[in-house]
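Novice:
4 protein chains.
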Amino acid sequence: MSMTGVLRPGHCSLRVLDLEAAVKHYTEVVGLIETDRDEKGRVYLKAWDEQDHHSVVLREADVPGADYIAFKVDSKATLERLSKSVSQFGCKVDYIPAGELKATGERIRFEIPTGQHVELYAEKKRVGNAMGDINPPPWPDGLKGMQPTRMDHWQVHGMDLDGTVELFTKVLGFGLSERVLDGDRLMAAFLTCSTKPHDIAFIRDEELQDRFHHVAFYLNSWEEVLRAADIISKKNVSLDIGPTRHGKRTNDLLL
Amino acid sequence: MSMTGVLRPGHCSLRVLDLEAAVKHYTEVVGLIETDRDEKGRVYLKAWDEQDHHSVVLREADVPGADYIAFKVDSKATLERLSKSVSQFGCKVDYIPAGELKATGERIRFEIPTGQHVELYAEKKRVGNAMGDINPPPWPDGLKGMQPTRMDHWQVHGMDLDGTVELFTKVLGFGLSERVLDGDRLMAAFLTCSTKPHDIAFIRDEELQDRFHHVAFYLNSWEEVLRAADIISKKNVSLDIGPTRHGKRTNDLLL
Amino acid sequence: MSMTGVLRPGHCSLRVLDLEAAVKHYTEVVGLIETDRDEKGRVYLKAWDEQDHHSVVLREADVPGADYIAFKVDSKATLERLSKSVSQFGCKVDYIPAGELKATGERIRFEIPTGQHVELYAEKKRVGNAMGDINPPPWPDGLKGMQPTRMDHWQVHGMDLDGTVELFTKVLGFGLSERVLDGDRLMAAFLTCSTKPHDIAFIRDEELQDRFHHVAFYLNSWEEVLRAADIISKKNVSLDIGPTRHGKRTNDLLL
Amino acid sequence: MSMTGVLRPGHCSLRVLDLEAAVKHYTEVVGLIETDRDEKGRVYLKAWDEQDHHSVVLREADVPGADYIAFKVDSKATLERLSKSVSQFGCKVDYIPAGELKATGERIRFEIPTGQHVELYAEKKRVGNAMGDINPPPWPDGLKGMQPTRMDHWQVHGMDLDGTVELFTKVLGFGLSERVLDGDRLMAAFLTCSTKPHDIAFIRDEELQDRFHHVAFYLNSWEEVLRAADIISKKNVSLDIGPTRHGKRTNDLLL
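Taken in order, these protein sequences are the chains called U, P, G and B.
Under the working numbering, the first residue of the first sequence carries the number 1, and numbering increases by one thereafter.
Under the working numbering, the first residue of the second sequence carries the number 1001, and numbering increases by one thereafter.
Under the working numbering, the first residue of the third sequence carries the number 2001, and numbering increases by one thereafter.
Under the working numbering, the first residue of the fourth sequence carries the number 3001, and numbering increases by one thereafter.
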């Protein structure tokens, strides 16, 4: 478990070709909740049990993909400290003022060796999970779709896998929970900054940088995975792979 | 989530009236694994997916109960720092050298305001979960009983609830995830040093100090809770309360 | 398994003190679907995966309880045959013409030794489960509440338990799947006319006749039982007993 | 639901290349229980919650496959009646005396239009499910492998699909619960003689007769399907398709 101040995946900005179709997909099929929109046309969403203002930002664009992924850190002091460390590692660090994303404090952004743009931030407005703090029920009424409780992790691909793993483990304090080797060569690395099996997965791509494979959302049980698969079938959503187990289920590996 | 260095519940020492009957209960009904015994007659056990040498220590005695509960911290430096802080808070701190418990480094021990003896330690031998690190299966063969994956939390009772909560939150860095109030009076406090809903629960007792209510072990699903209840029924184990939901299931509250 | 022609529980008529409050409870909490109303003010409901027009009929009355419970038989010939057999057994049999209940064919009704009014019928309009017959999805959209798939069984109480069991086993062809004995005395009998563990449970009452204890609806999994318990908690519904296992789960006992 | 006297799938005789390896697979991986062996070298097995002496018979042979599949009927009278009906339909009916299979009464055997040998029998010794009849626990101790509760259905392939469906529906009283059409042409038929979604599936094969695709065993939950998949992975068993949903889950369709 990281004690260096990176807490968890916080948000990602996704480019979609048709904004309203995407909002409909993320709210009615995936089951996220729209929390806000801004003057740039961006739509903010969160999973129902998340406390912060948003975990997914959608914006319309001509080419689909991810603009950036962002991790929450534990304080502004950590944000300043890591800004220097990342810069010393050799990444150019950009500063984004508070408010550029709604309800979100200042962010730093840098390009990692596999090509992705990664952000860190310390502050985001806490909007709660709609159930209040006094005798809350186990879940709220009115949920739709797959009803994940929270965003869980991302998988991204790029060429300089070794460089990215070095940045995340030596500078950002992540731990390596699993890896795939081809002989001695690292082909995939699953990293965690928490007690989760992984918070981000990096996969080697021999030819392309900055590929975004998936954002994963957390379901509470294997039965909810079946229900999600039913919804995929009912809604004719394109499916890559059916229900399966992969990775380790323990969450204490790195303590 | 605590960033002050206390990682998680690590072990507890339980007094039992009949050692071999207790070992049989903990291995065949609960489903822990015996990992060691020592010259004092103590038996060491762990849940199957725990990596460290033990999480439960049993010893035979005339009066049942708990000798102490112990939390793992992230380093010897943290151990030293917290030793001073706890002492400054007003608790007498005893030092226990490495090796007093098998496979375990040096510990500090102090009595908290509700009467329990609490330990901190930084080092315990990693014995693994019997599946190795290379392409491990999802679970090992030969499991018995309820098959919990790990020890989860304790619930203890005592008179000076406010004092204990102050110690755990202000000195040890725990967060308050839930509480029960009788008017303005705190009757129960659920505290966490991690991303779990709680790592320890303290309940006010008006008359008695140092009561140990339960140690809880983690099951992976509601269906495993049913299976555990079946085992309780099959083995005629005394049961306090059947399957139920209590507390919040979110684990992101305190970030 | 009965080969004498009684297929399964078909419907029950329940008296409620406030019709619209009851409809709201059965549709929004239990999750039945209202299929019809009639000129007598009765409301017809069914579970979502039932094919026939209704399984529950509600009517407003000054005293709550059950008017009658009804079993479906496989043909009008069986209905005629069982009408004679029940009459020969000593029960007065009333004939109710088709259409008295909407979408339902002719029924016979008789009082059983424990005091309940029991009906048999062979025909009820098939309205389907709203998903059609061509490539149906696994479940329909828009379900509410606990979402049981079908009505499962009833439990009723009365004084002449032996008489009722004789009627159901010797005349109606039910099998005894479980019983509770107090010494040699039968205290409870669980009877089945199908491959289900029981289709009806009769309990001895020393003082009262014609008591209706419950109608049970079928949920697909233990996780759905937890979800139903959550709904009971969220809606502040009065609860008799929490999630538990009782009875045998095998369904092949009587073949 | 069939009221014509065929109760359910009863047993199948499978040819295997290595008997002891097959017994090990069926007992330790699948989790059946060996109940008997005979002087011909055949091994008898049953699932743990089945009451009758066996549901699977293994025999060593040079070519793998199924010798025959057998359905249980409700009485010897039904056996005689169906023997005549099947013969009138045009199938040659062979008589096999009681005792040819251990613990099993007389059987009739005939070849169906898709080439399989199908048996009917009325009597098999009831050996129980090892838990007794008085206050039985929900499941017995000592289960291994996937722990199915019972054999569920078979899928077989052959050329004259229409002929086989006519035999099963018009002579044996099965109902059609699902079918696959290619235009007007029947490609697959799922038939039931009970309240199960299907008891046997017939698939058209354009070139080969008497193909045996699979025997299915029943697991109690989707979580047990995951556990079975874990076992397949752990034991390196060849896998055709991972956990998925197919077919309808309703079991009331044909009443």
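Where a beta carbon is used, it is the ideal one built from N, C-alpha and C, also for glycine.
Remember, it's a predicted structure, so these values are computed and weren't measured experimentally.
Please report the residue range of the beta strand (DSSP E) in which residue 3037 of chain B lies.
Specialist: Start at 1 with the first residue of the fourth sequence, and residue 3037 of chain B comes out as number 37. That run of the beta strand (DSSP E) goes 3033 to 3037.
Novice: For residue 1248 of chain P, which residues of its own chain have a beta-carbon under 6 Å away from its beta-carbon, when the five flanking residues on both sides are left out?
Specialist: For the purposes of this step, residue 1248 of chain P is taken as the residue at position 248 of the second sequence. Since pLDDT at residue 1248 of chain P reaches only 46, below the 50 mark, its modelled position is unreliable, and no value is offered.
Novice: When you compare the CB of residue 1243 of chain P with every CB in chain B, is at least one pair closer than 9 Å?
Specialist: Here residue 1243 of chain P corresponds to residue number 243 of the second sequence, with the count starting at 1. Residue 1243 of chain P does not count as touching chain B.
Novice: Among all the DSSP beta bridges, which residues are the ones paired with residue 1121 of chain P?
Specialist: Residue 1121 of chain P sits at position 121 when you count from the first residue of the second sequence. DSSP, once it has assigned bridges, lists P:1072 and P:1107 as partnering residue 1121 of chain P.
Novice: Mind checking who residue 155 of chain U pairs with in its DSSP beta bridge?
Specialist: Here residue 155 of chain U corresponds to residue number 155 of the first sequence, with the count starting at 1. Answer by DSSP bridge pairing, in chain order: U:201 and U:214.
Novice: Could you give the first and the last residue of the continuous beta strand (DSSP E) run that contains residue 59 of chain U?
Specialist: Translated into the one-based positions of the first sequence, residue 59 of chain U becomes position 59. From DSSP, the beta strand (DSSP E) with residue 59 of chain U extends over 56 to 60.
Novice: The alpha helix (DSSP H) with residue 3182 of chain B in it runs from where to where?
Specialist: The residue labelled residue 3182 of chain B in the question sits at position 182 within the fourth sequence. Per DSSP, residue 3182 of chain B belongs to no alpha helix (DSSP H); it is in the beta strand (DSSP E), 3175 to 3182.
Novice: Determine the extent of the beta strand (DSSP E) in which residue 2029 of chain G is found, giving its start and end residues.
Specialist: Working through the third sequence from its first residue, we reach residue 2029 of chain G at position 29. Looking at the DSSP string, residue 2029 of chain G is not in any beta strand (DSSP E), and its letter there is neither H nor E.
Novice: For residue 1178 of chain P, which residues in chain G fall below 9 Å Cβ to Cβ?
Specialist: Here residue 1178 of chain P refers to the residue found at position 178 of the second sequence. Going along chain G, no residue has its Cβ under 9 Å from residue 1178 of chain P, so there is no contact; the nearest lies around 16 Å.
Novice: Please tell me whether residue 2114 of chain G has its Cβ less than 9 Å away from any Cβ of chain B.
Specialist: Here residue 2114 of chain G corresponds to residue number 114 of the third sequence, with the count starting at 1. Answer no: the Cβ-Cβ gap between residue 2114 of chain G and chain B never drops below 9 Å.
Novice: Does residue 1233 of chain P have its Cβ less than 9 Å from a Cβ in chain U?
Specialist: Your numbering for residue 1233 of chain P matches position 233 in the second sequence. So no, residue 1233 of chain P is outside the interface.
Novice: What would DSSP say about residue 1249 of chain P, mapped onto helix, strand or coil?
Specialist: Locating residue 1249 of chain P in the second sequence gives position 249, where the first residue counts as 1. Its pLDDT being 41, under 50, residue 1249 of chain P is placed unreliably in this model, and the value from its coordinates should be taken loosely. In the structure shown, residue 1249 of chain P sits in coil (DSSP, three-state: anything other than H, G, I, E or B).
Novice: Straight-line CA distance for residue 3146 of chain B to residue 3218 of chain B?
Specialist: To locate residue 3146 of chain B, count along the fourth sequence from 1; it is residue 146. To locate residue 3218 of chain B, count along the fourth sequence from 1; it is residue 218. Computed Cα separation, rounded: 10 Å.
Novice: In the DSSP assignment, what are the bridge partners of residue 1190 of chain P?
Specialist: For the purposes of this step, residue 1190 of chain P is taken as the residue at position 190 of the second sequence. Bridge partners of residue 1190 of chain P: P:1178 and P:1201.
Novice: Using a Cβ distance threshold of 8 Å, determine whether the stretch 207 to 214 of chain U contacts the stretch 153 to 162 of chain U, with at least three qualifying pairs required.
Specialist: Yes, the stretch 207 to 214 of chain U touches the stretch 153 to 162 of chain U.
Novice: How many Å lie between residue 69 of chain U and residue 2135 of chain G at the Cα?
Specialist: Start at 1 with the first residue of the first sequence, and residue 69 of chain U comes out as number 69. Start at 1 with the first residue of the third sequence, and residue 2135 of chain G comes out as number 135. Their Cα atoms are separated by approximately 40 Å.
Novice: On the DSSP bridge list, what partners appear for residue 2049 of chain G?
Specialist: Taking the first residue of the third sequence as 1, we reach residue 2049 of chain G at position 49. The secondary-structure analysis by DSSP pairs residue 2049 of chain G with nothing; it has no beta-bridge partner.
Novice: Give a yes or no on whether the minimum CB-CB distance between residue 1138 of chain P and chain U is below 9 Å.
Specialist: Position 138 of the second sequence, counted from the start, is the residue given in the question as residue 1138 of chain P. Yes, residue 1138 of chain P lies at the interface with chain U (some Cβ there is under 9 Å from its Cβ).
Novice: For residue 28 of chain U and residue 144 of chain U, which I take to be in contact (beta-carbon distance under 8 Å), what is that distance rounded to the nearest angstrom?
Specialist: In the first sequence, counting from the first residue as 1, residue 28 of chain U sits at position 28. In the first sequence, counting from the first residue as 1, residue 144 of chain U sits at position 144. Rounded, the Cβ-Cβ distance is 5 Å, consistent with contact.
Novice: Do residue 1072 of chain P and residue 1120 of chain P have their CB atoms nearer than 9 Å?
Specialist: Stepping through the second sequence from its first residue, residue 1072 of chain P is reached at position 72. Stepping through the second sequence from its first residue, residue 1120 of chain P is reached at position 120. Closer than 9 Å, so yes.
Novice: Which partner residues does residue 3065 of chain B have in the DSSP bridge list?
Specialist: Numbered from its first residue, the fourth sequence carries residue 3065 of chain B at position 65. Looking at the DSSP output, residue 3065 of chain B shares a beta bridge with B:3015.
Novice: Roughly how many angstroms lie between the CA atoms of residue 116 of chain U and residue 209 of chain U, to the nearest whole one?
Specialist: If you number the first sequence from 1, residue 116 of chain U lands on position 116. If you number the first sequence from 1, residue 209 of chain U lands on position 209. Computed Cα separation, rounded: 8 Å.
Novice: Out of B:3204, B:3167, B:3151 and B:3174, point me to the one whose CA is closest to residue 3031 of chain B's CA.
Specialist: As a first step, residue 3031 of chain B must be located in the fourth sequence, where it is residue number 31. When only C-alpha atoms are compared, the closest one is B:3151.
Novice: Is it right to say residue 22 of chain U is buried, meaning 16 or more other beta carbons lie within 10 angstroms of its own, or is it exposed?
Specialist: Walking along the first sequence from the start, residue 22 of chain U turns up at place 22. Flag for residue 22 of chain U reads buried.
Novice: In chain order, what residues of the same chain lie with their CB nearer than 8 Å to the CB of residue 3220 of chain B, ignoring the 5 residues before and after it?
Specialist: Counting from 1 along the fourth sequence, the entry for residue 3220 of chain B is found at position 220. Excluding sequence neighbours, residue 3220 of chain B sits near 3149.
Novice: Provide the residue span of the alpha helix (DSSP H) that contains residue 1162 of chain P, from first to last.
Specialist: Numbered from its first residue, the second sequence carries residue 1162 of chain P at position 162. Taken as a continuous stretch (DSSP letters only), the alpha helix (DSSP H) holding residue 1162 of chain P covers 1161 to 1166.
Novice: Ends of the alpha helix (DSSP H) at residue 93 of chain U?
Specialist: Stepping through the first sequence from its first residue, residue 93 of chain U is reached at position 93. Unbroken run through residue 93 of chain U is the beta strand (DSSP E), 93 to 96; no alpha helix (DSSP H).
Novice: Listing by chain order, which chain B residues have their CB less than 7 Å from the CB of residue 2194 of chain G?
Specialist: The sequence position of residue 2194 of chain G within the third sequence is 194, counting from 1. The answer, in chain order, is 3195.
Novice: For a test of your reading of the model: does the CB of residue 225 of chain U fall under 8 Å from any non-hydrogen atom of the ligand NAD? Yes or no.
Specialist: As for the ligand NAD, it is missing from this structure, which has no ligand bound.
Novice: Looking at chain B, which residues of the stretch 30 to 49 of chain U have a Cβ within less than 7 Å of any of its Cβ atoms?
Specialist: none
Novice: Measure the alpha-carbon distance for residue 3018 of chain B versus residue 3058 of chain B and round it to whole angstroms.
Specialist: Counting from one through the fourth sequence, the residue named residue 3018 of chain B turns up at place 18. Counting from one through the fourth sequence, the residue named residue 3058 of chain B turns up at place 58. Between residue 3018 of chain B and residue 3058 of chain B, the C-alpha separation is close to 10 Å.
Novice: Any C-beta of chain B sitting closer than 9 Å to the C-beta of residue 226 of chain U?
Specialist: Position 226 of the first sequence holds residue 226 of chain U. By this cut-off, residue 226 of chain U is an interface position.
Novice: Ends of the alpha helix (DSSP H) at residue 233 of chain U?
Specialist: Position 233 of the first sequence, counted from the first residue, corresponds to residue 233 of chain U. Where residue 233 of chain U is concerned, the enclosing alpha helix (DSSP H) stretches over 222 to 234.
Novice: State the beta-bridge partners of residue 6 of chain U as determined by DSSP.
Specialist: Here residue 6 of chain U refers to the residue found at position 6 of the first sequence. Answer is U:73, bridged to residue 6 of chain U.
Novice: Tell me, please, whether the stretch 3182 to 3195 of chain B touches the stretch 3228 to 3242 of chain B by the rule of three or more beta-carbon pairs shorter than 8 Å.
Specialist: no
Novice: Tell me, please, whether the CB atom of residue 1009 of chain P is closer than 9 Å to any CB atom in chain G?
Specialist: Position 9 of the second sequence, counted from the start, is the residue given in the question as residue 1009 of chain P. No, its Cβ sits nowhere closer than 9 Å to a Cβ of chain G.
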